[in-house]
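**Student:** Before I ask anything, let me first share the structure, which is written out below as structure tokens.
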Amino acid sequence: MTTQAKIVEELEFPYCENASEKYEKLTKIGQGTFGEVFKARDRKTKRIVAMKKVLMENEKEGFPITALREIRILQLLSHENVVKLIEICRSRAGAYNRFKSTFYLIFEFCEHDLAGLLSNVNVKFTLADIKRVMQQLLNGLYFIHHNKILHRDMKAANVLITKNGILKLADFGLARAYGGMTQKGAQKYTNRVVTLWYRPPELLLGERVYGPAIDVWGAGCIMAEMWTRSPIMQGNTEQHQITLISHLCGSLTPDVWPGVEKLDLYDKLEVPKGQKRLVKERLKPYVRDQFALDLLDKMLYVDPSKRIDCDTSLNHDFFWEDPAPSDLSVMLSRHNQSMFEYLAPPRRRGHIPQQQQARPPTDQHFERVF
Amino acid sequence: MADVVVDPLSVKDFSRVILTLDNVLIPADKLSTTPSMQDGLDLDTEIDLRFLGCELIQTAGILLKLPQVAMATGQVIFQRFYYSKSFVKHNMEVVAMACTNLASKIEECPRRIRDVVNVFHHVKQVRSGRTIHPLVLDANYVILKNQVIKGERRILKELGFCVHVKHPHKIIVMFLQVLECQEDERLVQCAWNYMNDSFRTDVFVRYQPETIACACIYLAARQLKINLPTNPEWFGLFQVEEDDIQEICLTLLYLYSRKKVCFYNLFD
Numbered sequence: 021m022t023t024q025a026k027i028v029e030e031l032e033f034p035y036c037e038n039a040s041e042k043y044e045k046l047t048k049i050g051q052g053t054f055g056e057v058f059k060a061r062d063r064k065t066k067r068i069v070a071m072k073k074v075l076m077e078n079e080k081e082g083f084p085i086t087a088l089r090e091i092r093i094l095q096l097l098s099h100e101n102v103v104k105l106i107e108i109c110r111s112r113a114g115a116y117n118r119f120k121s122t123f124y125l126i127f128e129f130c131e132h133d134l135a136g137l138l139s140n141v142n143v144k145f146t147l148a149d150i151k152r153v154m155q156q157l158l159n160g161l162y163f164i165h166h167n168k169i170l171h172r173d174m175k176a177a178n179v180l181i182t183k184n185g186i187l188k189l190a191d192f193g194l195a196r197a198y199g200g201m202t203q204k205g206a207q208k209y210t211n212r213v214v215t216l217w218y219r220p221p222e223l224l225l226g227e228r229v230y231g232p233a234i235d236v237w238g239a240g241c242i243m244a245e246m247w248t249r250s251p252i253m254q255g256n257t258e259q260h261q262i263t264l265i266s267h268l269c270g271s272l273t274p275d276v277w278p279g280v281e282k283l284d285l286y287d288k289l290e291v292p293k294g295q296k297r298l299v300k301e302r303l304k305p306y307v308r309d310q311f312a313l314d315l316l317d318k319m320l321y322v323d324p325s326k327r328i329d330c331d332t333s334l335n336h337d338f339f340w341e342d343p344a345p346s347d348l349s350v351m352l353s354r355h356n357q358s359m360f361e362y363l364a365p366p367r368r369r370g371h372i373p374q375q376q377q378a379r380p381p382t383d384q385h386f387e388r389v390f
Numbered sequence: 022m023a024d025v026v027v028d029p030l031s032v033k034d035f036s037r038v039i040l041t042l043d044n045v046l047i048p049a050d051k052l053s054t055t056p057s058m059q060d061g062l063d064l065d066t067e068i069d070l071r072f073l074g075c076e077l078i079q080t081a082g083i084l085l086k087l088p089q090v091a092m093a094t095g096q097v098i099f100q101r102f103y104y105s106k107s108f109v110k111h112n113m114e115v116v117a118m119a120c121t122n123l124a125s126k127i128e129e130c131p132r133r134i135r136d137v138v139n140v141f142h143h144v145k146q147v148r149s150g151r152t153i154h155p156l157v158l159d160a161n162y163v164i165l166k167n168q169v170i171k172g173e174r175r176i177l178k179e180l181g182f183c184v185h186v187k188h189p190h191k192i193i194v195m196f197l198q199v200l201e202c203q204e205d206e207r208l209v210q211c212a213w214n215y216m217n218d219s220f221r222t223d224v225f226v227r228y229q230p231e232t233i234a235c236a237c238i239y240l241a242a243r244q245l246k247i248n249l250p251t252n253p254e255w256f257g258l259f260q261v262e263e264d265d266i267q268e269i270c271l272t273l274l275y276l277y278s279r280k281k282v283c284f285y286n287l288f289d
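Protein chains in written order, with the numbering used here: chain A, 21 to 390; chain B, 22 to 289.
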């Protein structure tokens with residue numbers, strides 16, 4: 021071994037502990053936006069944690085800005101309904117990894133994710149359970165929006181639930197701060213975010229100046245999914261997704277959404293005309309509660325400026341009429357096995373759409389948009 | 022990201038330096054014997070190197086068209102890093118480049134490493150008065166670029182990802198508003214200038230940004246002969262001690278009295 025290699029192997033980083041010395045990997049439990057996720061145990065305290073590996077494959081530009089954002093955002097956010105980042109660990113640099121160490125984000129462990137729970141037919145959510153799930157989800161979302169953060173990847177698989185029934189928003193791999201201004205006016209962001217099935221119409225039509233309403237759309241899709249048990253709009257392409265949205269929420273016209281015609285892709289995509297809004301009608305067979313239908317209708321508004329926000333949603337009658345939101349731990353205590361989407365069998369009806377991950381392109385760095 | 026809540030979980034106690042997101046100051050005993058001094062570097066050279074590194078980040082930042090906050094962040098990270106690692110073992114130029122690159126990402130205005138390397142190469146030629154040649158993209162460039170990438174990781178590891186910097190820019194404006202001086206453009210500009218220069222010193226690892234903001238206003242008011250309330254003292258309003266203010270002022274004024282160093286003399 022050269023002396024230089026030896027020096028590198030002996031470097032000490034007291035603020036960033038060695039992952040494999042401190043934690044023991046147990047099983048793989050998921051695939052995050054930028055890396056694999058493992059269940060692991062702290063060798064000393066025996067605490068169970070989740071370890072998320074930071075993928076460094078495309079590391080032409082050094083540490084990925086998306087990972088840096090996730091770390092900085094989670095360091096600042098501390099809320100019961102937001103996943104807790106415990107620390108950041110590294111692997112030791114050595115000849116085996118060409119002297120490039122890997123980083124791991126260490127999170128508190130949650131037993132289930134919502135997609136995993138919904139795919140299991142034995143898990144039954146009562147109306148009171150659903151209220152509790154949505155209340156916690158909107159609470160977490162309200163908190164992050166209040167701190168000027170957009171999640172940008174709302175989907176059932178990113179909503180974690182502990183065995184004690186506490187919901188946590190997770191995977192901030194696409195999240196970013198918003199509301200910044202540049203010399204040229206409001207800052208623009210990439211619209212290539214959010215998993216296709218949960219992507220709001222304004223992003224599909226190319227909007228680059230968007231806000232918290234994009235996460236509310238995703239929350240609305242998740243809420244409907246609590247009854248339908250599978251994603252409500254499973255498009256294969258952006259065009260297909262726009263068609264599905266129009267069939268459910270009515271045509272995207274300037275009458276219901278002033279300014280929609282000015283969006284970049286409005287002329288480039290085929291936007292169905294003459295469709296009636298059928299949100300309540302189509303969801304009624306699944307969702308029998310009229311307050312739930314009303315809230316869903318408001319969350320799935322196509323015009324983002326008229327879509328309900330988290331604060332108003334939390335004050336909606338849905339949460340304040342009987343039955344009151346119930347403690348989820350009672351229902352969850354009937355299930356003693358972890359349920360994650362990654363480990364569950366596919367739960368799609370009919371055709372199985374190709375898994376479309378709305379991820380920034382690999383050379384995202386230079387788009388300078390996000 | 023305003024209105025943030027600081028999470029106590031990030032409190033870590035290592036070798037009695039407590040680093041948290043809201044406390045990024047380094048204790049006095051750690052400041053008196055720096056890692057570089059332990060490696061036999063004299064204090065004067067160290068001050069020169071710190072000054073030079075920050076100046077390089079500032080100049081490169083201007084050429085890269087970065088906003089001023091990015092340079093400020095880069096400079097603070099640079100100063101912090103060299104209180105835990107030594108100039109003898111970690112090349113100042115590479116670390117300065119890595120800080121510039123990292124800060125551009127932190128402040129949401131990412132630049133390519135290639136551009137950063139290019140600009141540093143250019144600045145170096147200008148400073149030494151040589152004929153300007155474009156950077157040759159040879160094996161040396163590839164090595165240098167990889168050094169910058171590794172330098173960035175090393176900084177992140179060394180600082181345990183505590184890379185938040187609370188900028189005093191806003192604080193200065195806010196304080197001047199409280200003092201009803203925000204209309205006086207000369208005062209605002211002068212205080213602001215002192216603040217930008219203060220990033221070349223290590224005051225940001227020693228004092229809270231509020232204290233530094235007061236010191237810049239203090240110096241600017243004195244220079245422009247503007248009276249600020251003395252009974253009670255205006256800085257008392259912001260819970261800042263006059264001793265600390267004067268200490269910062271001295272550090273800043275020392276900066277202007279120091280002879281500009283030549284880049285190459287330091288390495289010979």
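Using N, Cα and C, we set each Cβ at its ideal position, and we do this for glycine too.
1) Whose Cβ in chain B lies nearer than 9 Å to the Cβ of residue 189/A?
2) At a Cβ cut of 9 Å, what residues of the segment 261-281 of chain A count as close to chain B, listed as they run along the chain?
3) Any chance the segment 161-174 of chain A sits against the segment 130-147 of chain A, with 3 or more Cβ pairs inside 8 Å?
4) Which value, in whole angstroms, describes the spacing of the CA atoms of residue 59/A and residue 42/A?
5) Check whether the Cβ of residue 181/B lies closer than 8 Å to any Cβ atom in chain A.
6) For residue 207/B, I'd like the list of residues in its chain whose CB is within less than 8 Å of its CB, leaving aside the five on either flank, ordered along the chain.
7) So with Cβ pairs under 8 Å, would you call residue 134/B a contact of chain A?
8) For residue 35/A, would you say it is in contact with chain B, using Cβ-to-Cβ distances shorter than 8 Å as the test?
9) Given a cut-off of 8 Å, decide if residue 179/B and residue 72/B are closer than it, judged by their beta-carbon atoms.
10) Going along the chain, which residues of its own chain have a beta-carbon closer than 8 Å to the beta-carbon of residue 411/A, five neighbours each way excluded?
11) Taking CB distances under 8 Å as the criterion, tell me whether residue 279/B reaches chain A.
12) Between which two residues does the alpha helix (DSSP H) harbouring residue 271/B extend?
13) Pick from 164/A, 310/A, 337/A and 215/A: whose alpha carbon is nearest that of residue 231/A?
14) Could you check what DSSP says for residue 61/A in three-state terms: helix, strand or coil?
15) Please check if any C-beta of chain A sits within less than 8 Å of the C-beta of residue 131/B.
16) Taking buried to mean at least 16 other C-beta atoms within 10 Å of its own C-beta, is residue 277/A buried or exposed?
17) Please identify, using Cβ separations under 8 Å, the residues of the segment 81-92 of chain A that lie next to chain B, in order along the chain.
18) If you run the structure through DSSP and keep just helix, strand and coil, what is residue 269/A?
19) Provide the residue(s) that pair with residue 43/A in DSSP beta bridges, ordered along the chain.
20) Compute the Euclidean distance between the alpha carbons of residue 52/B and residue 245/A, then round it to the nearest angstrom.
21) Closer than 8 Å by C-beta to residue 271/B: which residues in its own chain qualify, once you throw out the five before and the five after it? Chain order, please.
22) Quick one: which chain B residues come within Cβ less than 7 Å of residue 110/A?
23) Output yes if chain B places a C-beta closer than 8 Å to the C-beta of residue 121/A; else output no.
24) What residue range is occupied by the uninterrupted beta strand (DSSP E) comprising residue 110/A?
25) Quick one: grab the DSSP three-state call for residue 128/A.
26) With respect to 7 Å, is the separation between the Cβ of residue 330/A and the closest non-hydrogen atom of the ligand MN below this value?
27) What's the gap between the Cα of residue 316/A and the Cα of residue 236/B?
28) Whole angstroms is fine: what's the gap from residue 38/A's alpha carbon to residue 333/A's?
29) Is DSSP giving residue 147/A helix, strand or coil here?
30) Identify, in the order they occur along the chain, each residue of the same chain with its Cβ nearer than 7 Å to the Cβ of residue 88/B, setting aside the five sequence neighbours on each side.
31) Would you call residue 354/A buried or exposed, if buried means 16 or more other Cβ atoms sit within 10 Å of its Cβ?
32) Is there a Cβ from chain A that is less than 8 Å from the Cβ of residue 304/B?
33) Whose CA, out of 61/A, 69/A, 64/A and 51/A, lies closest to the CA of residue 391/A?
34) Report the three-state DSSP secondary structure of residue 217/B (helix, strand or coil).
35) Kindly indicate which residue of 212/A, 254/A and 292/A has the alpha-carbon position closest to the one of residue 270/A.
**Tutor:** Result, derived from the coordinates:
1) By Cβ distance, chain B contributes nothing, its closest Cβ being about 15 Å from residue 189/A, past 9 Å.
2) none
3) no
4) 13 Å
5) yes
6) 245
7) yes
8) yes
9) no
10) This structure leaves residue 411/A out entirely; chain A is present only between 21 and 390.
11) no
12) 263-278
13) 164/A
14) strand
15) yes
16) buried
17) 81, 82, 83, 85, 88, 91 and 92
18) helix
19) 62/A
20) 57 Å
21) none
22) 178
23) yes
24) 105-110
25) strand
26) The ligand MN is not among the ligands present in this structure, which contains no ligands whatsoever.
27) 54 Å
28) 43 Å
29) helix
30) 128 and 130
31) exposed
32) This structure cannot speak to residue 304/B, because chain B is shown only from 22 to 289.
33) Chain A is shown only over 21 to 390; residue 391/A falls outside these bounds and no answer can be derived.
34) helix
35) 292/A
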